[in-house]
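Reading through the structure tokens given below for one structure.
Residue numbers (the working numbering): 74 to 425.
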């Protein structure tokens, strides 16, 4: 029985700061919310079912043809759509990893195999993964940087995986939803390889970097236009609303905002990591806008009592109680988080 628990559940409990969802701490850009609000005046009409203006803006940003883009109601809809379109019989997932991959695969009766990353290796990617790319696989999912660890798979490894999967006709779903927060975004950008590897499907979303989680907007890219057509056939019409399309077009123009967000996140992530380590907590060497660490098994509950929500990662495959993920937020908020953690850990010491 799968447990689909996520971060960002702010509706079931009182809280002061939400560290459980990896959303841009600067919030939604003003011009994005203005575009969404203005578009409400058009809501007597159906949305453009083809998302033409949005796809054109995405294609220009990604330097690809608009025919290679498919928009959806968040990245989650596209994860389920590619599984419904492909109907894989067997798939391989890295663990720990995002739960929706497994949920989508099992919903179609797919056999799911796992390659378990190890704490003793810092949850880093291992080249032994190649040996698991067997002829009986139909699909693999890779998240880069990975969720929840925030680690990157080296470029030479990704390219080797793509070569193997192209030869063995294995579909590669590469989740790139967090790359805009990376210090060197180019380290994880593979849109330039779409033509070379038709097996590749790249997934991105407006959710995190533009803080548009409530608007639900994601997109996928592939040079396999037949795949995109089959995915479109399993997605309900008009799944991307008029406000979401308008907000997406406006968001793609926010280059300065993205740069400011990236700079803030990188600076604050380094500060947070050091201060967590100063509390004698084991912390993964994340490159993204969140940190994965190990602490007391009751830390999430104790933090919630202080009004701080953090992501309990015990429902990730291969993880146990005591593993957590926190977002990187503003300087003031991060200082408050560390203050709360210090208080909790000192109380735990006194009890022991």
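Glycine residues also receive a C-beta, built at the ideal position from the N, C-alpha and C atoms.
Whole angstroms is fine: what's the gap from residue 344's alpha carbon to residue 206's? The residue you call residue 344 lines up with position 271 of the chain shown. The residue you call residue 206 lines up with position 133 of the chain shown. Approximately 38 Å between the Cα atoms of the pair.
Do three or more CB pairs link the region 250-260 to the region 195-213 at distances below 8 Å? no
For the alpha helix (DSSP H) that contains residue 184, what are its first and last residues? Counting from one through the chain shown, the residue named residue 184 turns up at place 111. Per DSSP, residue 184 belongs to no alpha helix (DSSP H); it is in the beta strand (DSSP E), 184-189.
Nearest-angstrom beta carbon gap, residue 348 and residue 400 [assumed within contact, 8 Å]: Numbered from 1 along the chain shown, position 327 holds the residue referred to as residue 400. Numbered from 1 along the chain shown, position 275 holds the residue referred to as residue 348. Not a contact, Cβ separation roughly 15 Å.
Residues that DSSP places opposite residue 355 in a beta bridge: Start at 1 with the first residue of the chain shown, and residue 355 comes out as number 282. Paired residues: 367.
Between the region 211-225 and the region 302-316, do three or more beta carbon pairs fall short of 8 Å? no
Start and end residues, alpha helix (DSSP H) containing residue 289: Translated into the one-based positions of the chain shown, residue 289 becomes position 216. Where residue 289 is concerned, there is no enclosing alpha helix (DSSP H), given that its DSSP letter is neither H nor E.
With a threshold of 7 Å on Cβ separation, who are the neighbours of residue 301 within its own chain once the five nearest residues in sequence on each side are excluded? Taking the first residue of the chain shown as 1, we reach residue 301 at position 228. Taken in chain order, the residues that qualify are 143 and 295.
Following the continuous alpha helix (DSSP H) through residue 174, name the residue where it begins and the one where it ends. For the purposes of this step, residue 174 is taken as the residue at position 101 of the chain shown. Residue 174 -> alpha helix (DSSP H) spans 172-180.
Please classify residue 332: is it buried, with 16 or more other beta-carbons within 10 angstroms of its beta-carbon, or exposed? By one-based count along the chain shown, residue 332 stands at place 259. Exposed, since its Cβ has fewer than 16 Cβ neighbours within 10 Å.
Please list the terminal residues of the continuous alpha helix (DSSP H) segment that includes residue 165. Position 92 of the chain shown, counted from the start, is the residue given in the question as residue 165. Element bounds for residue 165: not the alpha helix (DSSP H) but the beta strand (DSSP E), 163-168.
So, are the CB atoms of residue 313 and residue 146 less than 7 Å apart? Residue 313 sits at position 240 when you count from the first residue of the chain shown. Residue 146 sits at position 73 when you count from the first residue of the chain shown. Yes, Cβ-Cβ distance for residue 313 and residue 146 is below 7 Å.
Neighbour-count burial assignment, residue 246, 16 or more Cβ in a 10 Å radius: In the chain shown, the residue the question calls residue 246 occupies position 173. With 16 or more Cβ atoms within 10 Å of its Cβ, residue 246 is classed as buried.
Quick one: is residue 236 buried, meaning 16 or more other Cβ sit within 10 Å of its Cβ, or exposed? Residue numbering aside, residue 236 sits at position 163 when the chain shown is read from its first letter. Burial call: exposed.
Can you list the beta strand (DSSP E) stretches of 3 or more residues lying completely in the region 259-333, in chain order? 273-278 and 291-294
Just tell me which of 368, 191 and 216 has its CA closest to the CA of residue 394. Working through the chain shown from its first residue, we reach residue 394 at position 321. Measuring from the Cα of residue 394, the nearest candidate turns out to be 368.
In the DSSP assignment, find the alpha helix (DSSP H) that holds residue 423 and state where it starts and stops. Within the chain shown, residue 423 is the residue found at index 350, counting from 1. Residue 423 -> alpha helix (DSSP H) spans 404-424.
When burial is assigned at 16 or more other CB atoms within 10 Å of the CB, is residue 110 buried or exposed? Stepping through the chain shown from its first residue, residue 110 is reached at position 37. With fewer than 16 Cβ atoms within 10 Å of its Cβ, residue 110 is classed as exposed.
Mind checking residue 189: buried by the 16 CB within 10 Å criterion, or exposed? Stepping through the chain shown from its first residue, residue 189 is reached at position 116. With fewer than 16 Cβ atoms within 10 Å of its Cβ, residue 189 is classed as exposed.
State the DSSP-derived secondary structure class of residue 214, mapped to helix, strand or coil. Here residue 214 refers to the residue found at position 141 when the chain shown is read from its first residue. Correct three-state label for residue 214: strand.
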